[in-house]
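Quick note: the sequence shown uses UniProt numbering, first residue 1, plus one each step.
In this text, a Cβ means the ideal position worked out from N, Cα and C, and glycines have one as well.
Note that the structure is predicted; figures quoted are calculated from it, not measured.
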Amino acid sequence: MQTDKKLVLWDIDHTLISLRGFGRMIYGEAFLSVTGQPMREAADLTMGGTDRAMSAEMLRSHGIADPTGALLESLGGALAEAFVRYEAGLGEYGGILAGAVDALTALAGRDDVIQSVLTGNMEPIAIGKLRAFGLDRYVDFAAGAYGMDHEDRPELVRMAQERAAVKYGGPFTGVNTVLIGDTPNDVRAGRLGGARVVAVATGSCDADMLRAAGADLILPDLADTEQVIAAVLGTAAR
Numbered sequence: 001m002q003t004d005k006k007l008v009l010w011d012i013d014h015t016l017i018s019l020r021g022f023g024r025m026i027y028g029e030a031f032l033s034v035t036g037q038p039m040r041e042a043a044d045l046t047m048g049g050t051d052r053a054m055s056a057e058m059l060r061s062h063g064i065a066d067p068t069g070a071l072l073e074s075l076g077g078a079l080a081e082a083f084v085r086y087e088a089g090l091g092e093y094g095g096i097l098a099g100a101v102d103a104l105t106a107l108a109g110r111d112d113v114i115q116s117v118l119t120g121n122m123e124p125i126a127i128g129k130l131r132a133f134g135l136d137r138y139v140d141f142a143a144g145a146y147g148m149d150h151e152d153r154p155e156l157v158r159m160a161q162e163r164a165a166v167k168y169g170g171p172f173t174g175v176n177t178v179l180i181g182d183t184p185n186d187v188r189a190g191r192l193g194g195a196r197v198v199a200v201a202t203g204s205c206d207a208d209m210l211r212a213a214g215a216d217l218i219l220p221d222l223a224d225t226e227q228v229i230a231a232v233l234g235t236a237a238r
């Protein structure tokens, strides 16, 4: 039986918050501590990749073999440790994007909406980023999926739907799942993973790029709360 609740999966970076240079910094520290060599080049942290995929690519691009995946797991742990060292001062690197608090608050007040996250960040970093800006109160992290869960972002949608179904009952499918993000990778995740996609042009990708990727609806930002709610509920015009 289809649940009457809608699962809303928020991307974090450049959708709810924006942090300048923070990701590259902690990746650099983590990479050095695990491999013993400086990070010569980082994966593109603005295009919606997962921490698992980006970490694996960085090892490969530096000529480091990891046949057992042990280095990948160590790099994930080092990323989490690096994040903890800087979490208290996260506000120095950026802040909450316009309209995010109002949108989260409005949706949190609805009995027919479950809010969680679908993010390339590993779980402790995702929780820490939202906690640092007081946004953690609005989402159920247990119903989300994270960047070390899988390299391929569409798989994260399926994982989040399964976790939400276990906790809230009833299946979550493309009919009652909405993904909100700012990159073509977010759009791809929803299209292939089974979610309707509301894209926001608040990151490095403009509306044309998001439209070409196949977003169901595109908003300039989250500033118009009524527009955001209508987009989530499926009552907004394309």
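- Task: Give me the Cα-Cα distance between tyrosine 93 and phenylalanine 22, rounded to the nearest whole angstrom.
- Result: Between tyrosine 93 and phenylalanine 22, the C-alpha separation is close to 6 Å.
- beta strand (DSSP E) segment containing serine 18, residue limits: Residues 17–19.
- Relative to the alpha-carbon of alanine 164, which residue among Glu151, Ala145, Asp149 and Pro154 has its alpha-carbon at the smallest distance? Among Glu151, Ala145, Asp149 and Pro154, the Cα nearest to that of alanine 164 is on Ala145.
- Item | beta strand (DSSP E) segment containing isoleucine 218, residue limits | According to the DSSP assignment, isoleucine 218 belongs to the beta strand (DSSP E) that extends over 217–219.
- DSSP state of glycine 190 mapped onto helix, strand, coil: For glycine 190, the secondary structure class from DSSP, reduced to helix, strand or coil, is helix.
- Between threonine 68 and leucine 156, what straight-line distance do the alpha-carbon atoms span, to the nearest angstrom? Answer to the nearest angstrom: the Cα atoms are 22 Å apart.
- lysine 6 - DSSP class collapsed to helix/strand/coil: Note: lysine 6 maps to strand in three-state DSSP.
- Item | Sub-8 Å separation of leucine 79 and leucine 16 beta-carbons | With contacts defined by Cβ atoms closer than 8 Å, leucine 79 and leucine 16 do not form a contacting pair.
- Message: Considering Cα atoms alone, identify which of Val117, Ser61, Pro220 and Ile26 is closest to leucine 90.
- Response: Distances from the alpha-carbon of leucine 90 to those of Val117, Ser61, Pro220 and Ile26 put Ile26 closest.
- Message: For the beta strand (DSSP E) containing threonine 177, name the first residue and the last one.
- Response: Per DSSP, the continuous beta strand (DSSP E) segment holding threonine 177 begins and ends at 177–181.
- Extent of the continuous alpha helix (DSSP H) run through arginine 137: From DSSP, arginine 137 is part of no alpha helix (DSSP H); its letter is neither H nor E.
- Query: Helix, strand or coil: which one does DSSP assign to alanine 108?
  - Reply: Helix at alanine 108.
- Message: Within the continuous alpha helix (DSSP H) that includes alanine 199, where are the two ends?
- Response: From DSSP, alanine 199 is part of no alpha helix (DSSP H) but of the beta strand (DSSP E) over 196–200.
- When DSSP labels each residue in this structure, what does glutamine 115 get in the three-state scheme? Correct three-state label for glutamine 115: strand.
- Message: I need the DSSP call for alanine 96, collapsed to helix, strand or coil.
- Response: The residue asked about is misnamed: residue 96 is isoleucine in this sequence, not alanine. In this structure, isoleucine 96 counts as strand in the three-state DSSP scheme.
- Item | Under the three-state DSSP convention, the category alanine 65 falls into | Judged by DSSP in its simplified three-state form, alanine 65 adopts coil rather than helix or strand.
- Query: Around the C-beta of alanine 195, are 16 or more other C-beta atoms found within 10 angstroms, so that it is buried, or is it exposed?
  - Reply: By the 10 Å Cβ count, alanine 195 comes out buried.
- Candidates Ile12, Ile127, Leu104 and Ile64: which alpha carbon is nearest threonine 225's? Comparing Cα-Cα distances from threonine 225 to each of Ile12, Ile127, Leu104 and Ile64, the minimum goes to Leu104.
- Message: Rounded to the nearest angstrom, what separates leucine 210 and histidine 62 at their Cα positions?
- Response: Distance between the alpha carbons of leucine 210 and histidine 62 is about 31 Å.
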